[in-house]
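Worksheet: one structure, shown below.
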Amino acid sequence: MARDGIKVVDADGHVQEPSDLWDRYMDPAYAEFGPRCDPTRTDNLFSVDGLTMPRMFIPAPGREDYRRSLVGQWNARFASQFALGDRGFSAPSYLEELDREGIDRMVLFPSRGLYAAAVEDMDGAVSTAICRAYNDWLAEFCSADPGRLVPVALLALHDPVAAADEARRAVTSLGMHGAMVRPNPCSGRNLEDPAHDVVWSVLEELGVALAVHEGSGSWMPAYGDRYPRSYLAQHAMSHPMEQMGAVYALTVGGILERHPTLRVGILEAGATWLPYWLYRLDEHVEQLQDVPSETGWLTRLPSTAFRAQCWISCEPDEPNIRALVDTIGADRLLWASDYPHPDCSYPGMADHLWKGAEASGLNQDELRLWAGENALRLYGLT
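Here the sequence shown stands for residues 18 to 399, numbered as in this note's numbering.
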């Protein structure tokens with residue numbers, strides 16, 4: 018299906034899970050602790066561990082206008098799918114959309130699942146069971162056409178050893194092509210905490226990608242939380258700022274130093290903030306290069322480590338994409354649709370990519386990398 022001879026691989030699409038996923042797939046020993054979803058809702062509002070999320074959709078006096086606007090737009094765009102209830106957003110419907118949109122492959126991440134274990138102090142056995150159920154469902158979903166629907170496992174870091182075991186199972190038994198974690202602090206630990214090395218080691222050993230993906234409105238610490246009266250602020254800040262923290266954890270925090278063959282994707286946060294952030298981290302490392310407590314474990318500048326092991330998704334209409342490519346290289350840029358979430362450029366997702374590349378002055382070789390070849394390399398696809 019390659020467009021203009023260029024393969025189009027969506028590095029970050031999303032499934033829209035049925036409301037009864039955890040009712041059907043959860044380990045019976047933990048069934049009472051699974052997420053509870055109302056099958057009549059089309060805003061992904063659900064409860065888990067006694068909490069309701071996403072938080073920005075929880076009804077609140079004087080705030081209904083936000084939910085009504087965002088969800089209204091979403092429902093209008095995908096009305097035919099939502100009208101089918103749990104039969105909507107099926108694997109066959111995704112394959113039809115890929116054909117219509119001119120996309121060869123879509124790498125799939127969760128929607129409800131992005132929040133299903135996103136409670137800071139959730140019991141590790143429960144969060145692992147939630148992820149395991151999602152991964153079992155996703156593997157079945159993608160079996161409709163595993164060549165085009167590419168599964169990435171969901172992990173929660175409350176119990177790192179259990180998360181590592183689930184990563185191994187998901188890759189070796191279910192055929193997953195990577196595993197995602199949230200960038201937020203979990204159980205009082207930041208991403209670079211050595212307790213998580215057991216997870217990164219398994220992914221490195223298996224040769225699959227680590228994908229870092231945020232989602233605003235969870236019950237985990239987030240930068241936007243200091244603006245509780247503005248959902249706009251919470252959403253605008255959470256994705257890039259949490260991912261800036263993840264880039265620090267990966268580079269200065271030492272994850273990439275300790276795992277030199279680990280491949281990492283930074284997703285759904287834009288990317289044109291990255292050149293400045295790498296510059297600033299490099300500057301601080303150089304200033305403190307003779308302070309062992311701050312940089313003693315580093316053998317590379319953060320920018321060098323990032324360019325060697327990381328990829329990042331970029332929206333086609335972001336400003337300064339040319340500067341981004343010049344900083345990290347065209348071979349580090351990913352295209353992602355965010356389908357079928359409210360802010361995806363649907364219909365015309367691939368068209369959006371082509372227009373963005375032209376507006377930024379990218380040549381055909383650079384577009385080829387951005388459109389798909391980089392994603393193939395990150396996720397180990399052929």
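Beta carbons are placed, not taken as given, at the ideal position from N, Cα and C, and that holds for glycine.
Query, Result
"Using DSSP bridges, identify the partner residues of Cys203.", "Arg206"
"What did DSSP end up calling Leu350 once you bin it into helix, strand or coil?", "strand"
"For Ala196, which three-state DSSP category applies?", "strand"
"For the alpha helix (DSSP H) that Asp182 lies in, which residues bound it at each end?", "177-189"
"Please report the straight-line C-alpha distance between Ala347 and Glu332, rounded to a whole angstrom.", "14 Å"
"What is the residue span of the beta strand (DSSP E) that Asp27 lies within?", "26-31"
"The beta strand (DSSP E) that contains Thr69, what's its start and end?", "68-70"
"Start and end of the beta strand (DSSP E) containing Leu125?", "122-126"
"Just to check my reading of the structure: Val198 and Val225 have Cβ atoms closer than 8 Å, yes? What is that Cβ distance to the nearest angstrom?", "Actually they do not touch by this definition, with Cβ atoms about 13 Å apart."
"Got a sec, what are the start and stop residues for the alpha helix (DSSP H) Val88 sits in?", "81-94"
"Can you give the beta carbon distance from Leu295 to Thr344, rounded, assuming they're within the 8 Å contact cut?", "7 Å"
"Under the rule that 16 or more other beta-carbon atoms within 10 Å means buried, what is Ala265, buried or exposed?", "The question names Ala, yet the displayed sequence has Tyr at residue 265. Buried, by the Cβ-count rule."
"Taking Pro364 as the reference, which of Ile75, Asp116, Arg85 has the closest Cα?", "Asp116"
"Compute the Euclidean distance between the alpha carbons of Pro359 and Trp314, then round it to the nearest angstrom.", "42 Å"
"My parser needs the beta strand (DSSP E) runs of 3 or more residues fully inside the region 97-179; what are they?", "122-126, 166-168"
"Suppose you measure from the CA of Leu279 to the CA of Trp328; what does that come to, to the nearest Å?", "11 Å"
"Using DSSP bridges, identify the partner residues of Val65.", "Leu68"
"Of all the options Ile23, Glu137, Cys159, Ala142, which has the alpha carbon lying nearest to the alpha carbon of Gln33?", "Cys159"
"Below 8 Å between beta carbons: does that hold for Val143 and Tyr47?", "yes"
"So the alpha helix (DSSP H) Leu384 belongs to, where does it begin and stop?", "381-385"
"Does the separation of the CB atoms of His194 and Gly397 fall below 8 Å?", "yes"
"Can you round the beta-carbon distance between Asp60 and Val88 to whole angstroms, since I take them to be within the 8 Å contact cut?", "4 Å"
"Hey, quick one: how far does the alpha helix (DSSP H) through Ser330 stretch, first residue to last?", "Run containing Ser330: none in the alpha helix (DSSP H); it sits in the beta strand (DSSP E), 327-330."
"Can you check whether the CB of Leu38 is closer than 8 Å to the CB of Tyr132?", "no"
"Does the distance from the CB of Met139 to the CB of Asp55 come in under 8 Å?", "no"
"Using the Cβ count rule (16 or more neighbours within 10 Å means buried), how would you classify Gln260?", "buried"
"Run through DSSP, which three-state label would Trp371 get?", "helix"
"Sort Ala170, Gly205, Thr145 by Cα distance to Glu137 and report the nearest one.", "Gly205"
"Put Trp404 into one of helix, strand or coil per three-state DSSP.", "Here the chain covers residues 18 to 399 and nothing more, so residue 404 does not appear."
"Count the other C-beta atoms from every protein chain shown that fall within 10 angstroms of the C-beta of Ser235, then say buried if there are 16 or more, exposed otherwise.", "buried"
"Taking the alpha-carbon positions, what's the Trp154 to Ala353 distance?", "22 Å"
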